[in-house]
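**Q**
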Amino acid sequence: MTKKKVTKTVKWLTWFRNKWFYLLVLAAALCVPFVVPNQYFFQLIMMSCLFAIATLSLNLIIGITGQVSLAHGAFFGIGAYGVAILTTTSNMSFWLALPLAAIISALAGLIIGIPALRTRGAYFAISTLCMGFIVELVASNWIDLTGGYNGIVGVPQPSSIPIPFVGQISFADQTSQYYMVLFFLLLTIFVMHRVTYSLKGLNFMAVRNNENLAEAVGINTFSTKLLSFVVGNFFAGLAGGIYASIIGSISPSATGIVNSFNWLAYLLLGGIATMAGPIIGAFVIPLLMEYLQALQEYTMIIFGILLIVVMIFFPTGFMGGITKLNEKLRYLYSSRKGGAHRAANSGKSL
Amino acid sequence: MLLIAENLYKKFDGAMVLNDVRLEVDEGEIVAIIGPNGAGKTVLFSLITGIHNPTFGRIYFKGDDITGMNPHVISKKGIARTFQLTTLFDQLRVIDNLCIGYQQRTTGGLWSTIFHSGRWKRDMDKVTAKVLEVLKFIGLEKRSNDFVSTLSHGEQRKLSIGVALASEPRLILLDEPTGGLIHEDTDEITNLIKKINESGITVCLIEHKMRMVMGLAQRIVVLNHGSLIAEGTPKEIVSNQRVIEAYLGRKHHA
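Residue numbers (the working numbering), protein chains in the order written: chain A, 117 to 466; chain B, 184 to 437.
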């Protein structure tokens, strides 16, 4: 009995020792509403959370499965317009409209993916790029549905959730909205983590690594790529839906190619094919850009140079750089025995 | 008969690379396909595994017509193959490669992956058991957590055979399993092939090292310029006049 208790405690302690850093980050994330200096900054952080959801799902498609999709902004837009139209025209509840919009986005991914995923490499990137432009054009010209260039204004905030005996959770103020966004970010991290570190994730990585071999060992490469694309676009749509509701309006520019390239930059700078990289990228870069605003027109130049430097010296981004540094430090402190194989190992992390 | 390939023709851009080839593989035997470079041996494997479609002819596996099926469907039916140039998932670790080899026998979908359902747990148990079994079989237990890029060439060869074995095949096609290896590694691979065959898997291999083939194969099929020129036991093959001509050239009669 006591022995059992001890092993259980030990198990918890080991778990805690392995995860303390993540728990600390989570605690910090929960404390954010109490330390933010102003509403504007708070809004920026919320946007970063949404961008992190989008970048994480982009990572599933580009980083894990190796299919460079440039239509992510378009699917974000489909989710955003989905929620905007469903809540304003059809007066649907936000909590019904959000999953519906995400499913519409995933379905759009399925329809686009079936022809587009038959192409490989650069051709897939080009076809998804076109897809991004098409969605933006449709959004700005289908005036009856999307309101054309003016977009849709007056998208209601998330409706409050009634809880029996306690009252209700309302999402009228920024703090509650932040916790809602944080919840969806954690949900995305959870799903991405489960999918990546599993047999399904190995299938995705097998397709990224060698499509012909993957096919030869019994992986249906086409449906594997399609699954990754659809799941990724589901979360892009989810992020878009929340965005429309929090901002309160949506215009065609939000569906545009700019978003796709921004998230691609977050992904590359943060660390492609890692779990933490996309999140770090989505938080650090927008905030950095905000502080560099004083430099006005030079921001993009600095950003461009940074991107080139990272691509050359840290092809796996910030997280890849950290891993490399870690390996080097361990090499310095470790015995000679493990050195050669670690050296051979470094730089092969992608 | 486990595998029957009948009247296979394959044309690439007008060049006939296979010309009326018939291949039969019986349950439990080791068949070697030999022939000079460009004889069409690898193309024959590609046709059987569905990478290319034959221009004419049909292929039957366990009595089913598998002509023109996708490679992943044929793999599920029980034909595994290795490639001439060692082909592995080189960004991943040894165990990842073996897991990928076995995953086609699992049934879990996206839901069971996300929610860790009972099916997911059963899949994980099955995968773990299989991977450990294959690691022991190919003798790479010590390297299980290493990245493929750190393995020696001989070890990579063994692993590529292991990936094929992990898919629980009935028939395994080995494309030059000892190509470019030193003597000791060749012997190890030869023993491994014998062990695979003893475990009940039918083996069909392409090989250039005659000495190895003579000791290993029960039956030898000889291809030259896309045509089948001889078939028989190793003893029959070494004394076959057409085979000697194909390898050493025709004698000049002055």
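All C-beta atoms in this analysis are idealised placements derived from N, C-alpha and C, irrespective of residue type, glycine included. What you are looking at is a predicted structure, and each value in this text was computed from that prediction instead of being measured.
State the Cα-Cα distance for the pair T270/B and N336/A, rounded to the nearest angstrom.
**A** Distance between the alpha carbons of T270/B and N336/A is about 18 angstroms.
**Q** With a cut-off of 9 angstroms, does the C-beta of S314/A fall near any C-beta of chain B?
**A** By this cut-off, S314/A is an interface position.
**Q** Are L223/A and A213/A closer than 9 angstroms when you measure CB to CB?
**A** No, they are not a contact pair.
**Q** So, is K124/A buried or exposed, given that buried needs 16 or more other C-beta atoms within 10 angstroms?
**A** Classification of K124/A: exposed, given that the 10 Å Cβ count is below 16.
**Q** Kindly list the residues whose CB is nearer than 6 angstroms to the CB of P426/B, restricted to its own chain and excluding five residues on each side of it in sequence; keep chain order.
**A** As written in the sequence, residue 426/B is Val, which differs from the Pro given in the question. V405, A413 and I420, listed in sequence order.
**Q** Is any non-hydrogen atom of the ligand MN found closer than 8 angstroms to the C-beta of K194/B, if you look at the structure I gave you?
**A** For the structure depicted, the ligand MN is absent and the ligand set is empty, with no information on it obtainable.
**Q** Using three-state DSSP, classify R264/B as helix, strand or coil.
**A** Three-state DSSP puts R264/B in a strand.
**Q** Might you give, ordered along the chain, the residues of its own chain that have their beta carbon closer than 6 angstroms to the beta carbon of L356/B, omitting 5 neighbours on each side?
**A** Result list for L356/B: F228, R264 and C387, in chain order.
**Q** Let me know the secondary structure DSSP gives A460/A once reduced to three states.
**A** Summary for A460/A: the model assigns pLDDT 47, below 50, so the residue's position carries little reliability; its value from the coordinates is reported in the next sentence. Residue state, collapsed to three classes: helix.
**Q** Could you work out which residue in T312/A, H309/A and I277/A is closest to M296/A when comparing CA atoms only?
**A** It is I277/A.
**Q** When you compare the region 165-178 of chain A with the region 366-381 of chain A, are there three or more beta-carbon pairs, one atom per stretch, that lie closer than 8 angstroms?
**A** The answer is yes - the region 366-381 of chain A touches the region 165-178 of chain A, with three or more Cβ pairs under 8 angstroms.
**Q** Grab me the residues of A218/A's own chain with a C-beta within less than 7 angstroms of its C-beta, minus the 5 sequence neighbours each way, in chain order.
**A** The answer, listed in chain order, is G195, F350, G353, L354 and G357.
**Q** Taking the straight line between their C-alpha atoms, what separation do you get for S344/A and K377/B?
**A** The alpha-carbon atoms of S344/A and K377/B are separated by roughly 40 angstroms.
**Q** Whole angstroms are fine: how far does the CA of K193/B sit from the CA of I213/B?
**A** The straight-line gap from Cα to Cα measures roughly 25 angstroms.
**Q** Please confirm whether P254/B has its beta-carbon closer than 9 angstroms to some beta-carbon of chain A.
**A** Judged by the 9 angstroms Cβ criterion, P254/B is in contact with chain A.
**Q** Which residue spans inside the region 256-316 of chain B form an unbroken beta strand (DSSP E) run of at least 3?
**A** The region 256-316 of chain B contains these whole beta strand (DSSP E) runs: 262-264.
**Q** Tell me whether V404/B sits in a helix, a strand or coil according to DSSP, three-state version.
**A** The answer is strand: DSSP assigns V404/B an E or B state.
**Q** Taking 9 angstroms as the CB-CB limit, is S350/B close to chain A?
**A** For S350/B, the answer is yes, since a Cβ of chain A falls inside 9 angstroms of its Cβ.
**Q** Using a threshold of 9 angstroms, state whether the C-beta atoms of Q274/B and G334/A are closer than that.
**A** Cβ distance not < 9 angstroms, so Q274/B and G334/A don't count as in contact.
**Q** In this structure, does DSSP put Q284/A in helix, strand or coil?
**A** If DSSP states are grouped into helix, strand and coil, Q284/A belongs with the strands.
**Q** Does the Cβ of Q409/A have 16 or more other Cβ atoms within 10 Å, making it buried, or fewer, making it exposed?
**A** It counts as exposed.
**Q** Measure how close the beta-carbons of S361/A and T296/B come, nearest whole angstrom, since I'm counting them as under 8 angstroms.
**A** At roughly 29 angstroms, the Cβ-Cβ gap does not stay under 8 angstroms, so S361/A and T296/B are not in contact.
**Q** What did DSSP end up calling Y156/A once you bin it into helix, strand or coil?
**A** In the structure shown, Y156/A sits in a helix (DSSP, three-state: H, G or I).
**Q** From this set, G229/A, A190/A and L422/A, which residue's C-alpha is nearest V254/A's C-alpha?
**A** Comparing Cα-Cα distances from V254/A to each of G229/A, A190/A and L422/A, the minimum goes to A190/A.
**Q** Can you tell which of G291/B, E316/B and F320/B has the C-alpha that lies nearest to the C-alpha of M307/B?
**A** Out of G291/B, E316/B and F320/B, G291/B has the C-alpha closest to the C-alpha of M307/B.
**Q** Residues of chain A with a CB under 7 angstroms from the CB of F195/B: which are they?
**A** In chain order: nothing, as chain A lies at least about 17 angstroms away.
**Q** Taking its Cβ as the centre, do 16 or more other Cβ atoms sit within 10 Å of D279/B, making it buried, or is it exposed?
**A** Burial call: buried.
**Q** At a CB distance below 9 angstroms, what residues from the region 272-294 of chain B approach chain A? Give them in sequence order.
**A** Going along the region 272-294 of chain B in chain order, one finds F272, D273, Q274, L275, D279, N280, C282, I283, G284, Y285, Q286, Q287, R288, T289, G291, G292 and L293 with a Cβ nearer than 9 angstroms to chain A.
**Q** Would a C-beta distance cut-off of 9 angstroms place L186/B and T416/B closer than the cut-off?
**A** For L186/B and T416/B, no; Cβs fall outside 9 angstroms.
**Q** Under a three-way DSSP split, which group does P352/B fall into?
**A** Reduced to three states, the DSSP call for P352/B is coil.
**Q** With H, G and I counted as helix, E and B as strand and the rest as coil, what does DSSP make of M199/B?
**A** Strand at M199/B.
**Q** For the beta strand (DSSP E) containing L411/B, list its first residue and its last residue.
**A** It spans S410 to G415 - the beta strand (DSSP E) in which L411/B sits, taken as one unbroken run.
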